[in-house]
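Read the structure below first, then the notes.
Residue numbers (our numbering): 28 to 667.
Now the structure itself:
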């Protein structure tokens, strides 16, 4: 019998000993980081709401209780009983029974009403029917991504359980080494923006943090070095994804092409957005005649292997590593990622991309931890003079630009990332039109912006508190304003918009590296009455950066899908309105470190060009007397 089987036998005995005599335990299994307890008495378990909490506290494990399949009531009888317990205002849209696990997935417009105060309604459901309820939100805006991910995971439940059981056994195996050390190896995004990728290793464990592409370049992370995949993709114990932007997520599916078969830890919205963005990444590559690095099947594999975690949940992901995600304030589901290594041995936090102040979309980044000795800190705007305009001033300037352009009969074209910046700008425009600061006019959303917005409304608990409350009240959902129009008629609809009256166009890609923005430049670029407005970071080497720097003749393909390039003369004005970035500026980055509790001993400044990382590293060293580094790619740091 293996050490894990022994462990499970002992846990089963300990749990049985803790429970009242009339509650039986038929099986105990690990599924990923959770301990799953099967019982023939789920109704009695549910009557005592404190039982699971006490067990979790005593065993120091995340516990899920499921009914033994052979004691389940018939779904046809259970369904009306469940609906009888849930208040009608909850808006239940679907019930899905899974006999293999004894779970019933309840999809509802208002999940909070299905859960009840401190889970009281969920317990009442189990008391009535024995099934274990799991609750998901019905998206207020229909999302094909959310629907496809949910349906795919439903189809793959059996395979997914095998993955989770295998992962659970790996997490809870005995430690093999008595050595104690922690190392971080940089595989990308050092003295550059893009291709974020790091390896965190101990004698026991190897974890990959992020695996992205580099905008405007074919450079990829150094995955083939011995510390990474050099000894095979399955030498990785886990992959952790901080957020879904492609410079962090684009090459996650590639790992499965190389043979990786382990878990990906991220938040639920990041999982969905990763699916959306990586499939689009393949689509764009194909349209531009480039060989995609992997097939769409690998994206599905990545989704199937994802174990979603919520902010604040401390989770075992290896025998010697606990992981906790915290809000990063950058995009939907983005996470500051905290690793607690060994039994109090060492703590490392990766900022991912952060925004320190509150924005219209998100609460600001969390920087309060039990312990952190080393911080790996993004430095996109870490340069000496990288101070962004206050967001309120930026909003006023954007409104000014829109009004000026409207007066002269032009259109405003805004290249924006589908995820994050677009929704931020949508909120500004919705309020400005509602309050009469700008005239009401169509706001056309092109590319993946509408789909990304639908995903935002599916996970309002990840949004800023007051925005979340507005989304809960359907008649106040700002994303449903009548001015917003989803462009889904392709070139013909774009031509109609270009020929029509004044309008605002929000389009991907945010750095003008391809996608529908190229079509808008063809249609609207030659119009001197119109304006191109940059509201997000333009990386070096991208066409967006070149236009920002004054290029007025740009290469565009002929628009007929034949891939031939023409030169287009831009007659429209070009404007940059800072302050909408999802990244903290220099002051925000310094404040994140200054107010960090506790303050780290060491900081690695990454994810910024050479000047930015060195400026920030130097400032943190001088101002706070901490050891700082501006590493190059392929450096390894040993801690402990």
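Every residue, glycine too, gets a C-beta built ideally from N, C-alpha and C.
Is it true that the CB of residue 630 sits closer than 8 Å to the CB of residue 663?
Not a contact, by the Cβ cut-off of 8 Å.
Quick one: what's got a C-beta closer than 7 Å to residue 223's C-beta in the same chain, skipping five residues either side?
So the list reads 215, 216, 237, 239, 274, 275, 634, once near-sequence residues are dropped.
Near residue 242, what residues of its chain come up, given a Cβ to Cβ distance below 8 Å and the 5 sequence neighbours on each side ignored?
Answer for residue 242: 220, 221, 273, 274, 538, 540, 566, 568, 569, listed in chain order.
Among all the DSSP beta bridges, which residues are the ones paired with residue 130?
Beta-bridge partners of residue 130 (DSSP): 125, 159.
If you draw a straight line from the alpha carbon of residue 405 to that of residue 526, how long is it in whole angstroms?
If I take the Cα positions, the gap works out to 43 Å.
Cβ-Cβ separation, residue 389 to residue 376 (assumed contact under 8 Å), whole Å:
Not really, about 18 Å apart at Cβ, beyond 8 Å.
Straight-line Cα distance separating residue 231 from residue 588:
Annotation note: pLDDT 46 at residue 588 (below 50); position unreliable, coordinate value reported separately. Taking the straight line from one Cα to the other gives about 51 Å.
Excluding sequence positions up to five away, which residues of its chain have a Cβ less than 7 Å from the Cβ of residue 460?
Hits under 7 Å: 467, 510.
Could you have a look at residue 255 and say whether DSSP puts it in helix, strand or coil?
Residue 255: helix per DSSP, three-state reduction.
Please say whether residue 580 and residue 603 have beta carbons closer to each other than 8 Å?
Contact flag unset, no.
Tell me the DSSP bridge mates of residue 596?
Note: residue 596 sits in a beta bridge opposite 580.
Which residues in the same chain have their Cβ closer than 7 Å to the Cβ of residue 94, if we skip the five residues on either side of it in sequence?
The answer, listed in chain order, is 66, 69, 129, 157, 158, 159.
Would you mind reading off the limits of the alpha helix (DSSP H) that contains residue 484?
Bounds of the alpha helix (DSSP H) holding residue 484 are 476-485.
What residues in its chain sit with their C-beta under 6 Å from that of residue 455, if we drop five residues either side in the sequence?
In the same chain as residue 455, and ignoring 5 residues on each side of it, the C-beta atoms closer than 6 Å to its own belong to 422, in chain order.
Residue 562 lies in the beta strand (DSSP E); which residues open and close that run?
For residue 562, no beta strand (DSSP E) segment is defined, and its DSSP state is neither H nor E.
Three-state secondary structure assigned by DSSP to residue 534:
Looking at residue 534 - three-state DSSP - the assignment turns out to be strand.
Straight-line Cα distance separating residue 332 from residue 343
Spanning the two alpha carbons is a distance of roughly 16 Å.
DSSP three-state label for residue 308, please.
Under the three-state reduction of DSSP output, residue 308 falls in the helix class.
Span separating the alpha-carbon of residue 693 from that of residue 374:
Any question about residue 693 goes unanswered here, given that the chain covers just 28 to 667.
Proximal residues to residue 483 (C-beta, below 6 Å), its chain only, five neighbours per side dropped
Short of 6 Å from the beta carbon of residue 483, and not among the five residues preceding or following it, lie these beta carbons of its own chain, in chain order: 359, 450.
Would you grab the beta carbon distance between residue 361 and residue 269 for me? Rounded to a whole angstrom, and I think it's under 8 Å.
At roughly 6 Å, the Cβ-Cβ gap stays under 8 Å, so residue 361 and residue 269 are in contact.
Proximity to residue 87 [Cα-Cα], best of 111, 283, 62:
Of the candidates 111, 283, 62, the one whose C-alpha sits nearest the C-alpha of residue 87 is 62.
Could you tell me the alpha carbon to alpha carbon distance between residue 170 and residue 481, rounded to whole angstroms?
If you take the alpha carbons of residue 170 and residue 481, they lie about 5 Å apart.
Count the CB pairs spanning the stretch 310-330 and the stretch 572-579 that are closer than 8 Å, and state whether there are at least three.
No, because fewer than three Cβ pairs between the stretch 310-330 and the stretch 572-579 fall closer than 8 Å, the two stretches do not touch.
Should residue 499 and residue 168 be called a contact, given that it needs their Cβ atoms to be closer than 8 Å?
No Cβ-Cβ contact shorter than 8 Å links residue 499 with residue 168.
Measure from the alpha carbon of residue 196 to the alpha carbon of each residue in 56, 528, 371, 444, then state which is nearest.
Looking at the Cα atoms, 56 is the closest of the given residues.
Name the DSSP beta bridge partners of residue 56, please?
Residue pairing of residue 56 in beta bridges, as defined by DSSP: 63.
With residue 280 as the anchor, note down where its beta strand (DSSP E) starts and where it stops.
First-last for residue 280: 279-284, but that is the alpha helix (DSSP H), not the beta strand (DSSP E).
Where residue 652 falls: helix, strand or coil (DSSP)
For residue 652, the secondary structure class from DSSP, reduced to helix, strand or coil, is coil.
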